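A short write-up of the structure that comes next.
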Amino acid sequence: MATRTDPKKDVVIIGLGWTGSILGMELAQDGLEILALERGADRNTVPDFQYPDAFDELKYGIRYGLMQKPAQSTLTVRRNLNETALPYRHLGAFLPGDGVGGAGVHWNGQSWRPLEVEYRLKSYVEERFGAAVIPEGMQIQDWGVTAAEVEPFMNKFERVAGISGKAGNIGGTIHEGGNPFEAARSEEYPLPPLKNTWDSELFAEAARKHGYHPFPRPSANASRAYVNDYGMQLGPCNYCGFCERYGCNNYSKSSPQVCVLDALKRKPNFSYKTQCEVLKIEKAQDGKTATGVTYFDEKSGDTVFQPADIVLVCAFSLHNVHLMLLSGIGQPYDPVSGEGVIGRNYSYQMTGGTGMWFKDKVFNPFVGTGSGGMSIDDFSIGQIDFTKEGFIGGSYITGSHTGGRPIEQLSLPPGTPAWGAGWKKAAGDWYGHAISIGTHGSNMSYRDCYLDLDPTYKDRHGRALLRMTFDWKPNDIRMTQFMKGKIEEIARSLQPDRMASSYKADGAHFDVRPYQSTHNVGGAVMGTDPKTSAINRYLQSWDCHNVWVMGASAFPQNTQYNPTGPLGGLAYWAAEALRKDYLKSPRPLM
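Using our numbering, you'd call the opening residue of the sequence shown number 22 and step up by one each time.
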């Protein structure tokens with residue numbers, strides 16, 4: 022029960038990361054009164070990421086200073102319907118961001134667009150290979166939009182974020198040096214590619230000798246000074262090697278703070294509150310619209326009802342789904358009957374890599390950036406014969422390093438003692454002599470991989486925790502083992518003195534302890550059929566037309582790429598529908 026009711030707003034935004042910032046900026050231009058509620062603390066480049074404090078490896082790299090604390094926000098995890106889910110008590114597999122900017126503060130900056138076939142994956146598979154190639158239990162879906170439809174909005178996000186890269190397909194014409202397999206783009210990247218480190222050049226040279234097509238990885242690390250569409254300035258990356266898990270002190274890594282928020286805060290019709298956790302989206306008596314949200318104010322201890330005409334759910338993907346379930350918006354998914362939509366099609370990301378050590382090569386790993394490096398897409402989803410290879414999916418492959426931080430990024434060969442004199446000697450012998458080639462692959466959706474409310478565990482507000490049911494499947498393991506073979510072939514051609522690989526193998530089960538990626542997707546997926554999707558093609562709830570759900574929770578299965586690019590592009594796509602259609606006549610859009 023709310024202890025007070027605040028004055029009504031036109032729009033309330035839940036979460037002030039990438040999507041919340043984008044929607045706030047776009048809608049503020051129409052004069053709407055907007056309030057954003059952020060569960061974490063406020064964060065600004067200065068003083069929060071100023072030098073030298075931002076380079077505290079123990080605080081941020083090891084103790085997760087920018088991440089949500091499980092004591093305040095967690096979920097339970099199990100691998101199948103027969104297991105009892107237990108709480109995720111120590112961050113490991115994925116690292117949700119905390120505070121203003123969200124994971125957009127601590128990400129590496131890898132900014133991709135999905136392939137053309139990924140937007141219509143089920144249709145593509147059935148048309149090219151036949152429905153029989155889809156394994157029993159796999160639940161892939163089309164997104165309900167096409168690459169061509171969202172291209173202008175992907176382009177807008179890249180201009181706002183100042184993405185560095187080299188286009189490979191402009192208007193259907195293939196351009197040398199870019200990714201020849203990408204979906205057609207309307208123009209070149211806003212900034213040229215980052216400079217390459219030596220390990221990336223070695224990988225690219227070896228890839229070319231194998232007949233592949235290396236290109237610079239698209240990056241939200243600015244290659245030179247840049248001013249975006251909102252008048253926000255980025256400085257050129259200085260290759261400090263402190264990207265993932267850290268805020269950028271140099272205004273070089275694209276983040277909501279650097280690219281949007283300081284312009285948004287100048288809008289007189291926009292305001293935001295921090296340390297305010299939304300507990301529930303409140304519905305009208307008929308259940309067809311939302312009336313606002315109820316939130317807990319950490320500073321005052323009050324439970325507050327915030328009335329609003331439009332509710333934008335812009336939190337981390339898992340929190341979006343949790344809030345929809347707690348609010349009773351949409352039918353919860355049941356894996357037994359296959360009915361329901363909220364929680365359906367949760368999926369993760371398939372990663373792995375091969376490390377190499379060279380006695381006579383020094384790579385200066387301290388010169389690094391979050392999204393530098395060279396990649397190949399020769400084994401992407403659109404380039405693989407699923408019938409022949411026995412799996413649905415694909416991966417990009419990259420040779421790169423992001424830094425040489427002594428605690429997190431000291432790479433030693435297998436068999437090195439874990440401590441003592443032997444470990445110290447190996448650290449001296451091998452630091453700076455290691456490189457790696459990695460796979461970043463798709464993860465399909467399945468009938469029994471989903472999100473729901475835990476029947477046992479509750480959070481500090483007395484609400485049921487979110488429960489994740491997920492495990493690796495044979496299809497995706499076959500995909501990553503295929504990539505292992507291709508990567509090891511390239512790695513051996515570099516003739517390292519030592520080499521070791523780490524990939525999911527047959528029989529592997531999901532383990533929450535080691536970090537893998539923060540790319541949790543699905544659970545409130547988009548589509549054109551309300552029986553299999555929670556939101557429509559504009560990211561508008563089928564059940565409550567004034568509730569819109571942003572972020573990677575909309576992905577029907579995971580792409581082979583990092584999710585931030587389409588996450589941003591779809592936010593602009595939704596903002597266009599809101600501004601040009603919905604505001605004129607609030608209703609379900611078709």
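Quick reminder that beta carbons are idealized off the backbone N, C-alpha and C, glycines included. All values derive from a computational prediction rather than experimental measurement.
Here S574 is buried: its Cβ has 16 or more other Cβ atoms, across all protein chains shown, within 10 Å. T40: member of the alpha helix (DSSP H) spanning 39-49, first to last residue.
Under the three-pair Cβ rule at 8 Å, the segment 387-396 counts as touching the segment 211-222. Between G41 and E54, the C-beta gap is not smaller than 9 Å, which leaves the two residues out of contact. If you look at E298, you'll find it in the beta strand (DSSP E) that goes 297-304. Judged by DSSP secondary structure, R519 falls within the beta strand (DSSP E) whose first and last residues are 519-523. Apart from the 5 residues on each side of it in sequence, T549 sits with its Cβ closer than 8 Å to the Cβ of D163, G165, N557, R558 in its chain, given in chain order.
Non-local beta-carbon contacts of E137 in its own chain, meaning distances under 6 Å to residues more than five positions away in sequence, involve A168, A204 in chain order. In the three-state reduction of the DSSP assignment, W444 falls in the helix class.
Secondary structure note for P495: its alpha helix (DSSP H) is the uninterrupted segment 495-514.
Partner residues in the beta bridge of Q327, as assigned by DSSP, are V314. Ranking D480, W378, A512 by CA distance to the CA of A447 puts W378 first. For the beta strand (DSSP E) assignment, the uninterrupted runs of no fewer than 3 residues enclosed by the segment 436-482 are, from N- to C-terminal side, 455-462, 471-479. In the three-state scheme derived from DSSP, where H, G and I count as helix and E and B as strand, G82 is classed as helix. In terms of Cβ geometry, K288 and A49 form a close pair [threshold 9 Å].
Rounded to the nearest angstrom, the gap between the Cα atoms of E172 and T490 is 33 Å. Secondary-structure assignment with DSSP links G373 through a beta bridge to T460.
DSSP, read as helix, strand or coil, puts K143 in helix. The beta-bridge partner set that DSSP reports for G389 consists of C261. Its chain contains P235 as the residues whose beta carbon lies nearer than 8 Å to that of R229, once the 5 sequence neighbours on both sides are disregarded; these appear in chain order. In the same chain as S240, and ignoring 5 residues on each side of it, the C-beta atoms closer than 6 Å to its own belong to G130, S185, L215, S392, in chain order. Of A246, C264, F263, the smallest CA-CA separation from G256 is found for A246. The continuous alpha helix (DSSP H) containing Y593 extends over residues 585-598. For D69, the enclosing alpha helix (DSSP H) starts and ends at 66-69.
Put simply, the backbone Cα of G359 is about 11 Å away from that of Q352.
Assigned with DSSP and collapsed to three states, V357 falls in coil, not helix or strand. Here the alpha carbons of I418 and S523 stand approximately 14 Å from one another.
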